[in-house]
Amino acid sequence: MQTPDFTEMSNLEYLDLGNCINLEEVHHSLGCPTKLKRLNLIYCRRLKRFPCVNVESLEYLDLKFCSRLEKFPEICGRTRPNLKIKMCDSEIRELPSYIVQCLTLRHLDNLVALPSSIGMLKGLVILDVSNCYKLESLPEELGDLVNLEKVDASGTLISRPPSSIVRLNKLTFMSFAKQRYNVSLEEGMYFAFPQVNEGLRSLEDLDLSYCNLKVGGLPEDIGSLSSLKELNFTGNNFEHLPGSVAQLGALRSLDLKECKRLEELPDFMGMTNLMTLNLSIINIGHLPQSINQL
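In my numbering, the protein residues as written are 5 to 298.
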């Protein structure tokens, strides 16, 4: 199944081909409608080929669940700064350098890399690469995204976040969590979080569950995350936490569930706002006196 010829549709602004489950190819004339703003191809599960979209007006492109699409569509001409792209569950392996704003890149099972030019996307607020099971790294240029507020890289193979990530002082949420049974780091590969260096000043929620964290995997200056409220270390392998954890005065929730090798708990004296402490399935023999201050 193929779409019709778009040559005479010069005023076309919105094209919805969603749920065309037998669509295998979009006609090469799609570049003719120079006013096209929205293009919806969600659930075109047989779509394999896609022509060049020669438009500067495109604002929204939805490629979710195009599970046979292997190559990202080529967008010729200058893209709009507010271009929004949604993708998940496709065979796409790499993203082009011209993407301006990405909202959802979840479940791209074959995505192995993000372009270094991602650092040019100064308006990007949310980067979601969760469940991109083959993604092993993020580019150092990530630190140039000064407006970024959320990074969700859960369910990936990333074990070394770029050191530049600590420059993201508007970031409020960050996750590199692994999935207990589905995605985990290879044997002998351990997660390491970079030195904070007084950065990440707005970070409120950090999830590093099942990251195979060991002693040395957390920076000694993690206590400088002065805005941190939620901290999830579920299922990690460290024997103790950096001493500066005790300085997390804004922390409300600390999850140490299933940290079976944990031998001692931090001093809780400085955690004056802590309301939730999860210590289930751990082997600690005694609790610190400071826990009575909670």
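Built from N, CA and C at the ideal position, the CB exists for glycine as well.
In this text, all values refer to a predicted model and were calculated from it rather than measured experimentally.
Short Cβ contact (8 angstroms threshold) for residue i with residue j
| i | j | result |
| --- | --- | --- |
| residue 285 | residue 262 | yes |
| residue 73 | residue 54 | yes |
| residue 217 | residue 241 | yes |
| residue 63 | residue 88 | yes |
| residue 42 | residue 70 | no |
| residue 123 | residue 153 | no |
| residue 34 | residue 57 | yes |
| residue 183 | residue 159 | yes |
| residue 92 | residue 112 | yes |
| residue 201 | residue 170 | yes |
N-terminal and C-terminal residue of the beta strand (DSSP E) that residue i is part of
| i | result |
| --- | --- |
| residue 44 | 42-44 |
| residue 178 | 177-179 |
| residue 234 | 234-236 |
| residue 30 | It is not in any beta strand (DSSP E) - residue 30 carries neither H nor E in the DSSP assignment. |
| residue 154 | 154-156 |
| residue 282 | 280-282 |
| residue 257 | 257-259 |
| residue 19 | 18-20 |
| residue 89 | 88-90 |
| residue 65 | 64-66 |
| residue 130 | 130-132 |
| residue 211 | 209-211 |
Length of the line joining the Cα atoms of residue i and residue j
| i | j | result |
| --- | --- | --- |
| residue 9 | residue 177 | 45 angstroms |
| residue 12 | residue 149 | 40 angstroms |
| residue 175 | residue 7 | 42 angstroms |
| residue 225 | residue 253 | 14 angstroms |
| residue 22 | residue 180 | 32 angstroms |
| residue 231 | residue 237 | 17 angstroms |
| residue 29 | residue 75 | 13 angstroms |
| residue 118 | residue 143 | 7 angstroms |
| residue 264 | residue 45 | 46 angstroms |
| residue 155 | residue 131 | 5 angstroms |
| residue 280 | residue 220 | 25 angstroms |
| residue 256 | residue 222 | 19 angstroms |
| residue 107 | residue 291 | Interpretation of residue 107 is limited by its pLDDT of 49, a score under 50 that renders its predicted location unreliable; the figure taken from the coordinates is listed afterwards. Near 44 angstroms, if we compare the C-alpha coordinates of residue 291 and residue 107. |
| residue 228 | residue 52 | 49 angstroms |
| residue 3 | residue 173 | What is shown of the chain runs 5 to 298, which leaves residue 3 out entirely. |
| residue 215 | residue 204 | 20 angstroms |
| residue 20 | residue 121 | 30 angstroms |
| residue 250 | residue 278 | 11 angstroms |
| residue 211 | residue 164 | 14 angstroms |
| residue 195 | residue 162 | 8 angstroms |
| residue 244 | residue 25 | 53 angstroms |
| residue 32 | residue 128 | 31 angstroms |
| residue 137 | residue 126 | 26 angstroms |
| residue 16 | residue 133 | 32 angstroms |
| residue 47 | residue 67 | 8 angstroms |
| residue 266 | residue 246 | 12 angstroms |
| residue 187 | residue 109 | At residue 187 the pLDDT is 45, less than 50, meaning the model places this residue with poor confidence and gives no usable figure here. |
| residue 116 | residue 239 | 26 angstroms |
beta-carbon residue i near the ligand HEM non-hydrogen atom, thresh 7 angstroms
| i | result |
| --- | --- |
| residue 198 | This structure lacks the ligand HEM; in fact it carries no ligand of any kind. |
Cβ-Cβ separation, residue j to residue i (assumed contact under 8 angstroms), whole Å
| i | j | result |
| --- | --- | --- |
| residue 95 | residue 114 | 5 angstroms |
| residue 269 | residue 235 | Rounded, the Cβ-Cβ distance is 13 angstroms, inconsistent with contact. |
| residue 167 | residue 198 | 4 angstroms |
| residue 271 | residue 233 | With 8 angstroms as the limit, residue 271 and residue 233 do not qualify as a contact, their Cβ atoms being about 19 angstroms apart. |
| residue 36 | residue 61 | About 13 angstroms separates the two Cβ atoms, so there is no contact after all. |
Proximity test, Cβ basis, 8 angstroms: residue i and chain D
| i | result |
| --- | --- |
| residue 47 | Looking for chain D here will not work: only one protein chain is present. |
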